[in-house]
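In the working numbering, the protein residues as written are 61 to 322.
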Ligand SMILES: [Fe+2]
Ligand SMILES: [Fe+2]
C-alpha cells in the first residue's frame, strides 16, 4: 500500500525495540508500555529475538503484546526466533496478529500523512571489513559465509524494491548489526558473530535514512555506516526501556531524534 492519509506531519515518529525475548511466562509484560504507542509514535519496529526459543507458543505471547496496539507493527525475526525450527509458524502467528514480518521484503506504510518504507531481513554474522570470514576452504566455512552473503543480498533486494516506490523516509530493519560501532561494549572476540559489513554495504547502496538492529545486548545505541547512515541498536538491554523513539523529519533533511522513556 502506498496511499497517504491526511496532511503530512512534520516528522515520522518511529518506535523501535528488539530482543524482548518473551517466554510463556511473559504474558502482559509489555502491553502496558505498548498501550501508549498511539500517543507518541506512528509505527513500531521489532528488531528480532522476540521469543526465547522460537516456539509458536512464545510467538503467541508476542502477538498478544502487540495485537491492536494502535500503530502499524513491522518486524524481522532474530536467531532466537529460529532456534526451534518453527520460524515459519512464528511468522504466521505474528502475521495473524497484524504484524508485518519482513525477510528480504519491504513494506510501505501510510503513517503521519506520508509514506514510510521499511526493508527488512534478519541478516547474519560474518564480521566486519578487514576482520571478516571468507568464502574459502571447507564446505562448512563456505556455507557459513554464503549464508551471510545471501542474507545481505536479500536486504539489498528489499531496498531495491523500496527505491522504486515513493517514500518520504526509508528504514532498514535487521536483527544482526551492519556496523561495529553499535557493538561497543561487547567482547571484541565475538564481533564476527554479531553482524556483517555486507549488511552496511546494502544499506549504503539503498538510499536508507535510518538503520535499526538488535542482537548485541551489551552494545551501544548509536552508530553510523561508512556512507553516513545512522544506525541504532535497539536491543532492549541497550536502550533500557520498552522502546526507543526516533524522529524522522519529513522535509528530506537528516533527522533529529529523541529518546522515549515511557
Ligand atoms: Fe537477543
Ligand atoms: Fe540475537
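Beta carbons are placed, not taken as given, at the ideal position from N, Cα and C, and that holds for glycine.
In this structure the region 101-109 touches the region 75-90; the number of beta carbon pairs closer than 8 Å is three or more. Per the Cβ contact rule, the region 266-278 is not in contact with the region 189-196 (fewer than 3 Cβ pairs under 8 Å). Between residue 119 and residue 153, the gap from beta carbon to beta carbon is short of 9 Å. Look at residue 164: its beta carbon is at least 8 Å from all of the heavy atoms in ligand 2. Under the rule that a run must span 3 or more residues, the beta strand (DSSP E) segments found entirely inside the region 93-155 read 103-107 and 133-136.
For residue 165, the secondary structure class from DSSP, reduced to helix, strand or coil, is strand. By a beta-carbon distance limit of 8 Å, residue 254 contacts residue 185. Their separation comes to about 6 Å. Here residue 269 is near residue 231, since their CB atoms are less than 9 Å apart.
Here residue 299 is buried: its Cβ has 16 or more other Cβ atoms, across all protein chains shown, within 10 Å. Uninterrupted alpha helix (DSSP H) stretches at least 4 residues long and entirely within the region 250-319 occur at 257-265 and 296-299, given in chain order.
For residue 216, same chain residues with a beta-carbon under 7 Å away, outside a window of 5 residues either side, are 262, 265 and 266 in chain order. A distance below 7 Å between beta-carbons, with the five flanking residues on each side excluded, links residue 244 to the following residues of its chain, in chain order: 279 and 280. The beta carbon of residue 293 sits no closer than 8 Å to any heavy atom of ligand 2.
Residue 205 sits in a helix when the DSSP states are folded into three classes. Annotated as distal: residue 169 and residue 161, with beta-carbon spacing of 9 Å or more. The beta carbon of residue 180 sits no closer than 8 Å to any heavy atom of ligand 2.
In this structure, ligand 1 has a non-hydrogen atom nearer than 8 Å to the beta-carbon of residue 274. Residue 225 carries a coil assignment under DSSP once its states are collapsed to helix, strand and coil.
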